[in-house]
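All the letters of the sequence shown, read from the start, carry residue numbers 1 to 622 under my numbering.
Heads up, the beta-carbon is just placed ideally off N, CA and C, and yes, glycines get one too.
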Amino acid sequence: MASVLRWLWANRNYFIIFITPFLILPLPLVIPTPEARCGFAIILMALYWCTECMPLAVTALLPVILFPMMGIMESGKVCVEYLKDTNMLFIGGLLVAIAVEHWNLHKRIALSVLLIVGVRPALLMMGFMIVTAFLSMWISNTATTAMMLPISQAVLEQLSATEADSDEKELKEGRDNHAFELAEVNIKQALDNVTGDKPNNNPDMEAGINALSERRRRDREAKYLCLFKGMSLSVCYSASIGGTATLTGTTPNLILKGQMDDIFPENNDVINFASWFGFAFPNMVLMLALSWLWLQFMYLGFNFKKTFGCGSKNEGDKDAYRVMKNEYKKLGTMSFAEGAVLVIFVILVILWFTREPGFMPGWATELFNKNGQYVTDGTVAIFMSTLFFVIPSRLNCSCLASANDERDEEAEEVEEGLKPDLLDYLFYKGGEKQKNDKKKKLKGTPTLLNWKVVNERMPWNIVLLLGGGFALAKGSEVSGLSKWLGESLAPLKSIPPFAISLILCLLVGTFTECSSNTATTTLFLPILASMATTIGLHPLYVMLPCTISASLAFMLPVATPPNAIAFSYGNLKVVDMAKAGFILNIIGILSINLGINTWGTAMFNLGTFPSWANSTNVTSTP
């Protein structure tokens with residue numbers, strides 16, 4: 001029986017794939033309407049996404065099969081949804097991230113900041129959280145976590161080893177040290193516990209020293225286990241939090257942008273890089289500060305003198321600082337490629353912020369967008385990322401230099417008699433030289449990026465996942481399912497808006513713990529848009545906080561890749577992550593709702609129902 005159960009569990013994905021469609025098939029058969037047929041497709045995809053019985057990207061392709069066969073949308077119209085402006089923005093942002101990672105610029109930035117912050121526990125945790133959050137704004141959360149965790153582990157291991165050496169030296173060789181004199185009372189007490197003798201009657205101090213050494217070792221291991229746990233959690237949590245600050249920081253943000261443009265085509269580009277940053281960055285800073293305080297309380301306590309390090313640095317701090325300094329020295333001086341990537345990155349961010357800043361006409365409005373939205377954030381991202389394939393990775397005359405070096409070497413060989421015979425020399429030039437030329441064929445200077453590197457690191461599955469979400473939303477609109485769901489949620493109009501937002505954020509935050517944040521956002525946003533228009537609420541009032549809440553998956557190791565990486569690095573247990581993550585989920589949801597009801601309301605005028613929300617892009621089928 002046990003072997004049968006193991007076999008069933010091992011092959012559970014096949015049962016889910018083949019049995020699930022038959023279980024929900026009565027829905028379109030009993031209710032033969034476009035809404036029911038679209039509901040069948042959405043429920044099927046939701047179950048496949050939640051169980052991950054198939055790759056998420058493959059499940060995202062199901063609308064290409066189901067919508068045409070069920071008469072919901074034509075195949076050509078479905079396929080168009082898979083490569084939109086938002087996908088281009090995503091690809092452009094990822095190309096920048098790949099270039100930053102390829103030339104190790106992110107590691108140089110991280111180590112530079114950590115060297116400034118210092119190695120005292122509280123400051124070290126703060127430094128790692130700030131650096132991780134900043135990097136996650138621009139590159140993937142997974143890559144940031146995978147880079148930062150080994151650095152944090154190396155620093156803490158050095159601190160632990162140095163403290164162990166210091167204790168050993170103090171106990172066995174430092175009897176004249178003032179610190180050892182202060183510890184004599186503890187030694188005598190430990191001696192009493194071990195031998196049971198009174199201090200005056202104990203001739204052997206070695207047993208007491210060994211007992212104290214063992215106790216210090218246990219205390220040190222417990223202390224650094226807490227530090228390892230706290231540092232690992234701080235890195236993975238700050239990676240998820242940092243991704244919420246920019247439009248390209250994490251996939252749910254781009255899904256909101258795409259859904260807004262698709263469902264409300266007349267929204268006047270209300271969500272762009274600048275407007276998103278204006279709302280989400282202060283919220284990210286608030287969440288990061290509160291998260292640091294909570295993790296500080298859980299794993300370091302509030303002994304500020306000890307954790308912040310008032311006074312001079314000890315040997316352990318100096319050694320840990322030396323570890324980071326050596327890691328930085330290994331990078332060498334900044335190369336031309338790193339500088340070029342940094343310049344392109346900075347220019348891209350400036351262009352994003354100034355395209356349509358909101359409080360004044362942007363450069364795109366003045367130059368290109370007078371009669372429509374011709375230039376978008378995606379246009380800027382693709383233009384700047386194309387430069388990585390145009391600009392060389394170094395500026396030198398290596399080709400000419402290598403050719404001159406070859407001629408000089410040949411001349412020296414002739415002068416030294418290595419090829420004294422003219423015929424031998426001509427034979428060498430005519431035969432062997434040609435072979436060597438083939439081996440030493442001159443090549444042009446490589447560019448900052450090449451397609452091989454991009455193809456290996458680009459998460460193409462996310463591009464399909466984005467497209468599947470847009471196709472799903474479009475099918476919901478065309479079939480009338482979104483309208484039906486919105487009307488069904490009309491009784492929510494009697495509930496205060498802040499309570500609606502808070503409840504929905506809690507729902508999304510809970511759902512995203514056991515499902516991918518991309519799938520969660522894709523499923524919820526079209527429903528929330530319909531609900532908001534039905535009850536006369538600004539769509540962003542519920543869509544924006546729920547989108548950010550989808551990134552707050554802090555409780556389980558399987559919730560996000562950063563959590564899984566930290567779980568393997570930090571000697572964590574599930575209960576450790578659950579205890580820390582539960583409070584952080586609450587902190588995050590409360591922070592988001594504080595933001596949406598204060599500066600968010602002022603930025604997006606959320607107190608009034610916008611006129612563009614009435615002109616939804618819906619064409620119901622008969």
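Option nearest residue i by Cα separation, candidates the options
i, options, result
"tryptophan 457", "Leu95, Val558 and Ala122", "Position check: residue 457 holds arginine in this sequence, whereas tryptophan was assumed. Of the candidates Leu95, Val558 and Ala122, the one whose C-alpha sits nearest the C-alpha of arginine 457 is Leu95."
"aspartate 319", "Ala164, Ser291 and Met284", "Ala164"
"proline 34", "Met531, Ile565 and Gly480", "Gly480"
"alanine 289", "Leu584, Met260 and Ile19", "Leu584"
"glycine 475", "Thr20, Lys370, Lys84 and Asp262", "Asp262"
"valine 558", "Gly581, Met88, Gly378 and Met334", "Gly581"
"asparagine 141", "Ala553, Ile586, Ala602 and Ile592", "Ala553"
"methionine 231", "Trp49, Phe128, Gln259 and Pro497", "Phe128"
"phenylalanine 664", "Ser385, Ala110, Ser551 and Pro497", "Beyond the ends of the chain as shown, which are 1 and 622, falls residue 664; an answer cannot be given."
"threonine 379", "Leu295, Arg6, Met88 and Trp9", "Met88"
"arginine 218", "Thr132, Leu254, Ser275 and Ser160", "Ser160"
"glutamine 296", "Ser549, Met543, Trp9 and Ala122", "Ala122"
"asparagine 268", "Gln373, Phe18, Lys325 and Arg215", "Gln373"
"isoleucine 462", "Leu23, Ser291, Pro252 and Ser551", "Pro252"
"lysine 325", "Ser501, Val119, Lys443 and Leu506", "Val119"
"serine 291", "Ser611, Ile16, Asn605 and Ile586", "Ile586"
"leucine 66", "Ser516, Pro28, Ala97 and Ala133", "Pro28"
"glycine 339", "Gly595, Ile109, Phe609 and Ser75", "Ile109"
"asparagine 11", "Pro21, Pro32, Ile31 and Glu52", "Glu52"
"glycine 509", "Leu464, Met555, Arg215 and Glu214", "Met555"
Which residues DSSP lists as bridging residue i, in chain order
i, result
"threonine 447", "Pro392"
As assigned by DSSP and simplified to three states, the class of residue i
i, result
"glutamine 373", "coil"
"methionine 360", "coil"
"tyrosine 425", "Because tyrosine 425 sits at a pLDDT of 42, beneath the cut-off of 50, its placement in the model cannot be relied upon, and the point is left open."
"leucine 489", "coil"
"cysteine 546", "helix"
"phenylalanine 228", "helix"
"isoleucine 495", "coil"
"valine 349", "helix"
"phenylalanine 554", "coil"
"glutamate 74", "coil"
"lysine 84", "coil"
"alanine 222", "helix"
"glycine 301", "coil"
"alanine 559", "coil"
"isoleucine 17", "helix"
"serine 611", "helix"
"phenylalanine 383", "helix"
"asparagine 461", "helix"
"lysine 419", "Residue placement at lysine 419 is flagged as unreliable, the pLDDT there being 41, under the threshold of 50; a coordinate-derived value is accordingly withheld."
"serine 476", "helix"
"cysteine 630", "Since the first residue shown for the chain is 1 and the last is 622, residue 630 is missing from the structure and cannot be characterised."
"serine 335", "coil"
"phenylalanine 470", "helix"
"alanine 320", "helix"
Same chain, Cβ closer than 7 Å to residue i, neighbours up to 5 away in sequence not counted
i, result
"valine 341", "Ala99, Val100, Trp103, Leu105 and Leu448"
"lysine 257", "Thr86, Leu247 and Ile271"
"leucine 156", "Tyr224, Leu227, Phe228 and Met231"
"glycine 93", "Thr248 and Ala381"
"glutamine 158", "Asp319, Ala320 and Val323"
"phenylalanine 511", "Thr520"
"proline 68", "Glu74, Ser75 and Val78"
"serine 501", "Tyr541, Val542, Pro545, Asn593 and Ile596"
"glycine 467", "Ala60, Glu81, Tyr82, Leu83 and Asn87"
Cut-off 6 Å between Cβ atoms - residues of its own chain near residue i, not counting five sequence neighbours on either side
i, result
"leucine 485", "Ile527 and Ser530"
"alanine 280", "Thr244 and Ala245"
"phenylalanine 353", "Ala274"
"aspartate 408", "Annotation note: pLDDT 43 at aspartate 408 (below 50); position unreliable, coordinate value reported separately. Result list for aspartate 408: empty, nothing under 6 Å."
"proline 446", "Ser393"
Sequence-distant residues of the same chain with beta carbon closer than 8 Å to residue i, five excluded per side
i, result
"leucine 423", "Legend: pLDDT at leucine 423 = 41, less than 50; position of this residue unreliable, value from coordinates given subsequently. Within the same chain, leucine 423 has no close Cβ partners at all."
"alanine 564", "Pro557 and Val558"
"cysteine 505", "Pro545, Cys546, Ser549, Ile589, Ile592 and Asn593"
"isoleucine 72", "Pro34, Arg37, Cys38, Ala41, Leu66, Gly475, Val478, Ser479 and Thr621"
"leucine 115", "Tyr321, Met324, Lys325 and Tyr328"
Proximity test, residue i beta-carbon vs the ligand GTP heavy atom, cut-off 7 Å
i, result
"threonine 59", "Of the ligands one can find in the structure shown there are none, so the ligand GTP has no counterpart to examine."
Ordered list of alpha helix (DSSP H) runs contained in the region 502-541, each at least 4 residues: Listed in chain order, they are 517-535.
Any alpha helix (DSSP H) of 4 or more consecutive residues that is wholly inside the region 250-278: 251-263
Residue ranges of each beta strand (DSSP E) within the region 564-605, 3 or longer: none
Continuous alpha helix (DSSP H) assignments of at least 4 residues falling wholly in the region 91-178: For the region 91-178, the continuous alpha helix (DSSP H) assignments of 4+ residues that do not extend past its boundaries occur at 105-117, 121-136 and 141-172, in sequence order.
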